Structure formats: C-alpha cells, structure tokens
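Remarks on the structure that follows.
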Amino acid sequence: TDGEFRPIKEIGDYVEEGSLIAKVGEEPIRCMIKGVIRGLLHEGIKVRRGQKIVEIDPTGLREYCYMISDRARAVGGGVLEAILHLRSKLLNKRASP
13 TDGEFRPIKE IGDYVEEGSL IAKVGEEPIR CMIKGVIRGL LHEGIKVRRG
63 QKIVEIDPTG LREYCYMISD RARAVGGGVL EAILHLRSKL LNKRASP
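In my numbering, the protein residues as written are 13 to 109.
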C-alpha cells in the first residue's frame with residue numbers, strides 16, 4: 013500500500029513476529045520476524061508498496077540499535093578512502109608545474 017508512514021513502535025523496541033509496528037495510511041504493517049527495531053522511517057514520510065520502512069535486528073540485542081553496523085562502517089571507510097585518494101590527486105596536480 014502506498015501512503016503516509018505512521019510508526020507505532022520506536023527504535024529500540026522489542027517486537028515479536030506479527031507485532032503491529034506501523035501503519036501506512038490505514039493499512040497495518042506487522043513484523044515478519046522477532047527482534048529489536050534498529051531503524052525506522054520518520055513519521056509522515058510518503059512510502060510506496062515494497063519500500064523498506066523498518067530494520068529489525070534478529071539478535072534481539074537492544075545496544076546494537078545505538079552502534080554502527082559492520083556494513084555501515086565498511087561503506088564509510090570506503091568513502092573516506094576514496095575522498096582521501098581524490099584529495100591527494102588534486103593536491104599533487106596543483107603542485108605540478
């Protein structure tokens with residue numbers, strides 16, 4: 013269902029499979045797995061059918077909600093490396109006659 017996203021649960025909440033976590037328009041959105049809500053769209057965001065709106069961590073460890081994931085750390089590291097490489101190339105180009 014397309015519509016406005018309205019969360020019922022919050023980041024850090026533990027949910028069971030089948031728990032009501034949000035509504036899109038008047039359509040209830042239920043959890044497909046149990047775990048802790050690690051990511052959630054903001055209220056009022058317009059969403060489309062099939063769009064990712066929530067991230068559930070199946071480990072059930074609430075502290076993971078407030079830590080960067082290994083995947084996010086790897087992406088961030090790759091971006092930083094690319095920026096530093098580009099910066100180095102630009103600085104070397106300026107220093108060349």
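Heads up, the beta-carbon is just placed ideally off N, CA and C, and yes, glycines get one too. Because the structure is a prediction, the values reported are computed rather than measured.
With DSSP as the reference, identify every bridge partner of residue i, one or two as the case may be.
i    : result
D69  : V48
A107 : Bridge partners of A107: none, in fact.
E38  : Looking at the DSSP assignment, E38 forms no beta bridge with any residue, so it has no partner.
R18  : K35
V87  : The partner list for V87 (beta bridge, DSSP) is empty, contrary to what the question assumes.
K58  : E16
Y26  : V48
If you measure between the beta carbons of residue i and residue j, is that distance less than 8 Å?
i    : j   : result
L73  : V48 : yes
I65  : V59 : yes
V110 : T13 : Because the chain in this structure spans residues 13 to 109, residue 110 falls outside the shown range and cannot be described.
E28  : M44 : no
Kindly give me the distance between the Cβ atoms of residue i and residue j, rounded to whole angstroms, as I take these residues to be in contact under 8 Å.
i    : j   : result
I126 : C77 : It is not possible to answer for residue 126, since the shown part of the chain is limited to 13 through 109.
G15  : E39 : 7 Å
Keeping to the same chain, check which residues put their C-beta closer than 6 Å to that of residue i; ignore five residues upstream and five downstream.
i   : result
D25 : I49
K46 : E28 and E29
I57 : F17
Starting from the C-beta of residue i, find all residues in its chain whose C-beta is less than 8 Å away, skip the five residues before and the five after it, and write them out in chain order.
i   : result
G88 : I80
Three-pair Cβ contact test at 8 Å for the region 13-21 versus the region 35-53: yes
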